[in-house]
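Everything below concerns the one structure shown next.
Residue numbers (our numbering): 181 to 367.
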């Protein structure tokens, strides 16, 4: 059983989780994967319900494999716009991961619902996000977070308001001017 506790100003949130550790050497989707296809369409990995929002999964006709005596269907991804075949990036992460078989939350030793624990955790995340916010234009060349990706701060045009900053995206070199509200300090 895993027991985790978070000491907060007004109490202690404890999480007791039973389960098992699972490790795998199989390729997994790389959450940092980004690529631009030959037609200039940008593709990336997402944490949302659609892991590759700019791609569509395509399946070939089923065929019989004489080696394993079973039916197979080959699948691949294509750009939704131009149909170019795209192979999303993968990584090997053999770090063991905890697979839960049940959990309980406690606030100052008293059982609480998962919903109440999530409310407490949301308040903690909100406070952490507030602390990570950038309130002044960062120095040129510094690295900041923009939507889950690290970007580099570039010189910003003189006519741009002080609450905006120009950043360059890694890999593509594309630049955009965004509000300071959108960027966070790198932790």
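The C-beta atom is built at its ideal place from N, Cα and C for all residues, glycine as well.
Buried versus exposed call for residue i [16 or more other C-beta atoms within 10 Å across all chains shown]
i: residue 193; result: buried
i: residue 363; result: buried
i: residue 379; result: No answer is possible for residue 379: the residues shown for the chain start at 181 and end at 367.
i: residue 259; result: buried
i: residue 235; result: buried
i: residue 184; result: exposed
i: residue 202; result: exposed
i: residue 243; result: exposed
i: residue 279; result: exposed
i: residue 238; result: exposed
Selection from the options that minimises the alpha carbon distance to residue i
i: residue 353; options: 291, 216, 204 and 207; result: 216
i: residue 226; options: 261, 238 and 268; result: 268
i: residue 256; options: 250, 249, 266 and 247; result: 266
i: residue 334; options: 344, 321 and 365; result: 321
i: residue 232; options: 197, 201, 270 and 200; result: 270
i: residue 264; options: 221, 251, 301 and 275; result: 221
Alpha-carbon to alpha-carbon, residue j and residue i
i: residue 188; j: residue 298; result: 14 Å
i: residue 341; j: residue 308; result: 26 Å
i: residue 186; j: residue 200; result: 22 Å
i: residue 305; j: residue 245; result: 51 Å
i: residue 343; j: residue 198; result: 47 Å
i: residue 205; j: residue 277; result: 12 Å
i: residue 366; j: residue 289; result: 34 Å
Cβ pair residue i, residue j closer than 9 Å
i: residue 350; j: residue 330; result: yes
i: residue 223; j: residue 212; result: no
i: residue 230; j: residue 240; result: no
i: residue 261; j: residue 219; result: yes
i: residue 296; j: residue 196; result: no
Local conformation of residue i per DSSP, three classes
i: residue 288; result: coil
i: residue 239; result: strand
i: residue 305; result: helix
i: residue 197; result: strand
i: residue 330; result: strand
i: residue 323; result: strand
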